[in-house]
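Quick note on the UniProt record's numbering: the sequence shown kicks off at 1 and runs consecutively.
This report concerns only the one structure given below.
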Amino acid sequence: MEFLTTPQGRRIAYEKTEGQGPTVIFCSGLKSDMEGTKAVFLEAWAKSKGLSYIRFDYSGHGQSSGSFAEGAIGDWHEDTLAVVDQLTEGPIVVVGSSMGGWQALLLARAIPDRIVGMVTIAAAPDFTEDGYWASFTDAQKAELAEKGFVAMPSDYDEDYIISKRLIEEGRDRLVLRSPLRLDFPVRFLQGTNDTAVPTQTAVRLLNHVEGDDIRLTLVKGADHRFSDPDCLVLIEKSVEKVLSRSKG
1 MEFLTTPQGR RIAYEKTEGQ GPTVIFCSGL KSDMEGTKAV FLEAWAKSKG
51 LSYIRFDYSG HGQSSGSFAE GAIGDWHEDT LAVVDQLTEG PIVVVGSSMG
101 GWQALLLARA IPDRIVGMVT IAAAPDFTED GYWASFTDAQ KAELAEKGFV
151 AMPSDYDEDY IISKRLIEEG RDRLVLRSPL RLDFPVRFLQ GTNDTAVPTQ
201 TAVRLLNHVE GDDIRLTLVK GADHRFSDPD CLVLIEKSVE KVLSRSKG
């Protein structure tokens, strides 16, 4: 494991596999890290193919500096940009899981000329607004205003601490409210039994983005983890497909 320091002074943990071709960068989900099943699986795949690959931890996640409760979508976007700027040259393929799918789309908006392919898994764009804020009761909204945070139960971990900053800063990072063109091969993957990100979100994303090579694959019965053997193979094949069709 190695570390880089972002322009904002955050210390980001990462693992880089040297290799050929466009660098594949894996962006993890909220409160996930680079030791997750999908991130490690893709690293083994990249090594077997001799490809360049990076997995990393956002600030407040995994081995990186900072507190999760103090972070926000924009912070993690800055972390992702720092990884691209400091660790890569030339074209990249971005793979984003859940919140990492939102990060992938933010990356496409920030540096479209660097990206030659994208794969998302249960992408969760704009979830701070359309998921958390939209589902909050009046009492939760009042608690957020008064205390500065709300505790949300999680199926996968201890309660998520959802801060006022996460909600408010997220409004500056929304990607489904304005045109978003993706001029490279894109594969969106989504399970129909995902209780964290509904299938409608995947369809909304597909309908919203513009581009000439964009597909959504729905896997009946797959959940939000999307990590069983068949799903992992589908992720691998999807990354291979965008690499084969890319101009990188």
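Ideal placement from N, C-alpha and C gives every residue a C-beta, glycine not left out.
query, result
"Helix, strand or coil at residue 165 according to DSSP, with G and I counted as helix", "helix"
"Short Cβ contact (8 Å threshold) for residue 112 with residue 183", "yes"
"Sequence-distant residues of the same chain with beta carbon closer than 7 Å to residue 162, five excluded per side", "132, 149, 150 and 152"
"At least 3 beta-carbon pairs within less than 8 Å: the stretch 52-68 vs the stretch 200-218", "no"
"Residue 127 in three-state terms, based on DSSP", "helix"
"Sequence-distant residues of the same chain with beta carbon closer than 6 Å to residue 3, five excluded per side", "11 and 13"
"Span of the alpha helix (DSSP H) around residue 95", "Looking at the DSSP string, residue 95 is not in any alpha helix (DSSP H); the run it does join, the beta strand (DSSP E), is 92-97."
"Endpoints, the beta strand (DSSP E) within which residue 140 is located", "Counting along the chain, residue 140 falls outside any beta strand (DSSP E), though it belongs to the alpha helix (DSSP H) covering 138-147."
"Within 8 Å, strictly: CB atoms of residue 166 and residue 192", "no"
"Stretch pair the stretch 112-124 + the stretch 220-239: three plus CB contacts closer than 8 Å", "yes"
"Alpha helix (DSSP H) runs wholly inside the stretch 33-71, at least 4 long, in chain order", "37-49"
"Pick from 29, 125, 70 and 74 that is closest to residue 209, judged by C-alpha positions", "125"
"Residue nearest to residue 218 in terms of C-alpha spacing, selected from 200, 158 and 212", "200"
"Residue nearest to residue 95 in terms of C-alpha spacing, selected from 103, 89 and 88", "103"
"Nonlocal neighbours in the same chain, by C-beta distance under 6 Å from residue 67, ignoring five residues either side", "60"
"Beta carbon of residue 97 nearer than 8 Å to that of residue 121", "yes"
"Cβ-Cβ separation, residue 24 to residue 93 (assumed contact under 8 Å), whole Å", "5 Å"
"Rounded distance between the beta-carbons of residue 99 and residue 30, thought under 8 Å", "4 Å"
"Cβ neighbours of residue 74 in the same chain (closer than 7 Å, five flanking residues each side left out)", "169, 172 and 173"
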